[in-house]
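What follows is one structure encoded as structure tokens, with my remarks underneath.
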Amino acid sequence: MAEDFARAVEDGLKLGKRIYMGKDRAVQPPKPLPLMERSMHFYLPSAPMVYAVISDPRIVDNPDIPSYQPHVHGRLDPPALIPLQMNGVNLDVDCYGDSAFVQVSGMWRVHCVMRSRSCDCRIAVPMGDEGSILGVEIDLPTKSYSTELIGVEESKGIQNIARPEDGQFLKPHIFTLTIPKIDGGTYISMKLHWSQKLSYNDGKFTLTVPFNFPEFVTPAIRQIPKKERIQLNVNSGIASGIVYQAVSHPFQESKRNGGHIGLLYEANVMTWSHTDLSFSYGVSSGNIFGGALLQSPSLYDIDQRDMFCICLFPGSQQGKKVFRKEVIFVVDISSSMRGRSLESTKNAINTALSKLSPEDSFNIIAFSDETFLYCTSMVLASEESIEKASEWMSKEHSEGNGTNMLIPLQKAVEMLSSTPGSIPMVFLVTDGTVEDERKICEWMDKRMKNGGSLCPRIHTLGIGKFCNHHFLRMLAMLSRGEYGAACDLDTIDSQMQKLFSKGLSTVLANITIDAFDDHEQIEVYSSCIPDLSSESPLTICGRCQGSFPDTLKAKGILGDLSHVIIDLKIEKAMNISLDKISARQQIDLLTAQAWFSENKQLEEKVAKLSLRTCNISEYTRMILLEKGKIERDTDTTEARKVPKKGDACKLLDSAEPKKILLQILTVGFGDLLATAENICPGSEEEILPEVAEMLNKATSNCCGRLCRHCCCLCCIRCCSKMSNQCSILLTQLCGAVACVGCSQLCALCCPQEG
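Reminder that position 183 of the sequence shown reads as 183 in UniProt numbering, one-by-one numbering, no gaps.
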């Protein structure tokens, strides 16, 4: 999809060269890159963008200065995307700890379509690390649009269903939405909302927001004022005394109060920002430290229990002893992993092995419908053994057609059962779904309850959209491990490196909070508290009924296997919404638990939280609301749709908005059919969830009757390869058979009418 989008933008830039902007141009007409410099990533949005969707090239012209355009025959399929010019932009960012909430307000104009014609406009919203779309608001002269979340049951009554390209994730961090039929020359006012994470490294938080606008979105007319504004507010939570170290724009400090700081950048510019917003601030400390924030619920919160958020920071680990590690990599090598997925996995494992110390040990288990071991026992991480392991991985193993996950996991945990003085860990990498996933989680749960002081941590990474990411999250949660996802093939290597680095840099294990054991009224969202890594702080959120304890102590095991107790300072959360901060984490954790327990009450809880906080979930759907505007005289109560020139009037929203149901935006609970067929992630054979479900229901009976070993996916593939003449003949044949069947049915039902 991303490649198709990039090609459409390239075609749009070529088409945009036809537009005459007059003699007083501020910028040159858009020029596609030379052939040697072309890259798909250049044409993907690096800042919030709006594109005119052009199927008919005859409508392309300057709405203000009509010019002679050579006649063009035919239509564009797929349509070209012409980037719209932007007339103003405001960026507001609120940072709370490691979370950021972003709002972009801007004004775009349909500068490339005749006034008498209209076109669809596609919005693209690139987000930062672990970005999650929260909402889109569009205001037009005669209409307004906004996104909203509704329950799954409510969505079944909506008749208008958007096409996949009209509302989807182009990439995991790029959300696109199409607004239909906007007239040429129209100004589009827009607000975009999303949340994302700040990265953490060596005691420093870094915020990066996509804000790099290409030159061709700058208005071509020189006299148009161009003003950009960035407001950045940082609340460090429990850390006090913010020291910011690097900024991308010339900010001025507007306020400072302890752990709160406000920065403002505002300027009239010739061209829009050519760099992403980047901001870093330090919370470094010599030792592990932390604190807790407490807040009462709002009046609109369904759950009226107090909220708490505990944060633990790793501090500086220089000169401190680290855990000795026993590591096993469990890798899916089924046929669907062939190609980029498996090669990226091998490269990431080689990098991870190079980071092990000589006293650490490792092993590698590859699996499909069979299991392959690099060695029958753990191997010390010497240079020689790492080189041999790399050679073993490069060999062609017999790629099977199945995915048997339980046996290699049991084998890995068994090999790590007797590893005193070290922290055992398993890294599981897969792109498929298996039928016994709940059985695997139940086995791991029992293993953790009956295990020793340092049970094996299972760190999981899911590749693509066919694996059950909620199962992988649950498996990691039960074993105090970490979960990662690489839904896009381009991110496999980086996401795997991130997961490996986080798992291999544990500084505090077996973490417990003393008050949680003695206080029955405290609910923690995560069933098991994960380990603290030097790569990122640890956040523990939950709810409390009644009075919260006056003191908190965190306990754990350090790298030298000594026990440590950390006093946590409790503070009232000021100018910060804990419900807002913890919503994404709470939805993800509760969804995994709801899947595992098959608990309908948990599903309803997730749905309500999703609706209240505007975070998408598996149990809600996103819709696009279209509200028409009517004009009302200020002197009378009579409403009219067509304004009269010179009348005093104002615009009001119409009563009944039109609802358009977008496609499913979540990852789902895996795809057993695609796993069984060994379809590679990112292949052209991916089928949308709704389409797959409808086809499966529609063809399940006929497949069983026609051929017992044929599946509906086989029918789909067969039909897709037919010629036009064959498909017409088959359609006529099916129609004739249907007519015969109907006549027989009528004869049986109404024998008297013959």
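In this text, a Cβ means the ideal position worked out from N, Cα and C, and glycines have one as well.
Cα-Cα separation between residue i and residue j, rounded to whole angstroms
{"i": "residue 220", "j": "residue 21", "result": "7 Å"}
{"i": "residue 127", "j": "residue 419", "result": "42 Å"}
{"i": "residue 697", "j": "residue 443", "result": "With a pLDDT of only 42 at residue 697, under the threshold of 50, the placement of this residue in the model should not be trusted; the figure read from the coordinates follows. Looking at the two C-alpha atoms, the distance is approximately 33 Å."}
{"i": "residue 415", "j": "residue 146", "result": "54 Å"}
{"i": "residue 520", "j": "residue 547", "result": "12 Å"}
{"i": "residue 466", "j": "residue 337", "result": "12 Å"}
{"i": "residue 199", "j": "residue 281", "result": "11 Å"}
{"i": "residue 623", "j": "residue 87", "result": "28 Å"}
{"i": "residue 376", "j": "residue 549", "result": "50 Å"}
{"i": "residue 756", "j": "residue 479", "result": "Past the boundaries of the shown model lies residue 756; the chain is included only from 1 to 754, so the question cannot be answered."}
{"i": "residue 102", "j": "residue 481", "result": "30 Å"}
{"i": "residue 62", "j": "residue 136", "result": "28 Å"}
{"i": "residue 253", "j": "residue 188", "result": "32 Å"}
{"i": "residue 426", "j": "residue 456", "result": "7 Å"}
{"i": "residue 757", "j": "residue 496", "result": "There is no way to answer for residue 757, as the model of the chain reaches only from 1 to 754."}
{"i": "residue 77", "j": "residue 110", "result": "21 Å"}
{"i": "residue 525", "j": "residue 245", "result": "34 Å"}
{"i": "residue 755", "j": "residue 615", "result": "Because the chain here runs from 1 to 754, residue 755 falls outside it and cannot be looked at."}
{"i": "residue 535", "j": "residue 201", "result": "6 Å"}
{"i": "residue 64", "j": "residue 294", "result": "57 Å"}
{"i": "residue 628", "j": "residue 143", "result": "5 Å"}
{"i": "residue 9", "j": "residue 485", "result": "28 Å"}
{"i": "residue 303", "j": "residue 625", "result": "28 Å"}
{"i": "residue 642", "j": "residue 121", "result": "Note that residue 642 scores a pLDDT of 47, beneath 50, so its modelled location is shaky and nothing firm can be said."}
{"i": "residue 568", "j": "residue 554", "result": "7 Å"}
{"i": "residue 408", "j": "residue 286", "result": "40 Å"}
{"i": "residue 81", "j": "residue 13", "result": "8 Å"}
{"i": "residue 250", "j": "residue 225", "result": "20 Å"}
{"i": "residue 410", "j": "residue 373", "result": "13 Å"}
Beta-carbon proximity list for residue i, same chain, < 6 Å, skipping 5 on both sides
{"i": "residue 47", "result": "210, 211, 212 and 213"}
{"i": "residue 323", "result": "423, 506 and 559"}
{"i": "residue 231", "result": "92 and 264"}
{"i": "residue 238", "result": "291 and 311"}
{"i": "residue 162", "result": "660 and 662"}
{"i": "residue 538", "result": "312 and 532"}
{"i": "residue 530", "result": "480"}
{"i": "residue 45", "result": "124 and 126"}
{"i": "residue 356", "result": "381"}
Paired residues, beta bridge with residue i - DSSP
{"i": "residue 612", "result": "Answer by DSSP bridge pairing: none, since residue 612 is not bridged."}
{"i": "residue 99", "result": "96 and 197"}
{"i": "residue 424", "result": "326"}
{"i": "residue 597", "result": "Looking at the DSSP assignment, residue 597 forms no beta bridge with any residue, so it has no partner."}
{"i": "residue 192", "result": "104 and 136"}
{"i": "residue 86", "result": "108"}
{"i": "residue 508", "result": "532"}
{"i": "residue 429", "result": "331 and 461"}
{"i": "residue 49", "result": "124"}
{"i": "residue 309", "result": "293 and 541"}
{"i": "residue 620", "result": "151"}
{"i": "residue 215", "result": "Partner(s): none; residue 215 has no beta bridge."}
{"i": "residue 167", "result": "177"}
{"i": "residue 262", "result": "233 and 255"}
Same chain, Cβ closer than 7 Å to residue i, five either side skipped, listed in chain order
{"i": "residue 470", "result": "591, 592, 595 and 669"}
{"i": "residue 475", "result": "440, 441, 444, 458 and 460"}
{"i": "residue 243", "result": "281 and 282"}
{"i": "residue 602", "result": "590, 593 and 594"}
{"i": "residue 433", "result": "466, 467, 468, 670, 671, 672 and 675"}
Close Cβ partners of residue i (< 8 Å) along its chain, the five nearest in sequence each way excluded
{"i": "residue 288", "result": "312, 313, 314, 315, 507, 508, 532, 564 and 566"}
{"i": "residue 394", "result": "346"}
{"i": "residue 255", "result": "261 and 262"}
Is there contact here, the region 94-104 with the region 60-70, by at least three beta-carbon pairs under 8 Å?
no
Using a Cβ distance threshold of 8 Å, determine whether the region 166-182 contacts the region 655-664, with at least three qualifying pairs required.
yes
My parser needs the beta strand (DSSP E) runs of 3 or more residues fully inside the region 95-148; what are they?
The qualifying runs are 99-109, 118-126 and 132-139.
Which full runs of the beta strand (DSSP E) of 3+ residues lie inside the region 227-255, going along the chain?
If we require 3 residues or more, the beta strand (DSSP E) runs fully inside the region 227-255 come out as 227-235 and 243-247.
Given 8 Å as the limit, is there contact between the region 596-604 and the region 577-584, that is, 3 or more CB pairs closer than that?
At 8 Å Cβ cutoff, the stretches do not touch.
Per the contact definition of three or more C-beta pairs closer than 8 Å, is the region 328-342 in contact with the region 292-305?
no
Runs of 3 residues minimum, wholly inside the region 557-584: which ones carry the beta strand (DSSP E) assignment?
563-572
Restricting to runs no shorter than 4 residues, where is the alpha helix (DSSP H) found entirely within the region 467-526?
Secondary structure in the region 467-526: the alpha helix (DSSP H) runs of 4 residues or longer, each lying completely within the stretch, are 469-478, 492-504 and 514-518 in chain order.
My parser needs the alpha helix (DSSP H) runs of 4 or more residues fully inside the region 377-405; what are they?
383-394
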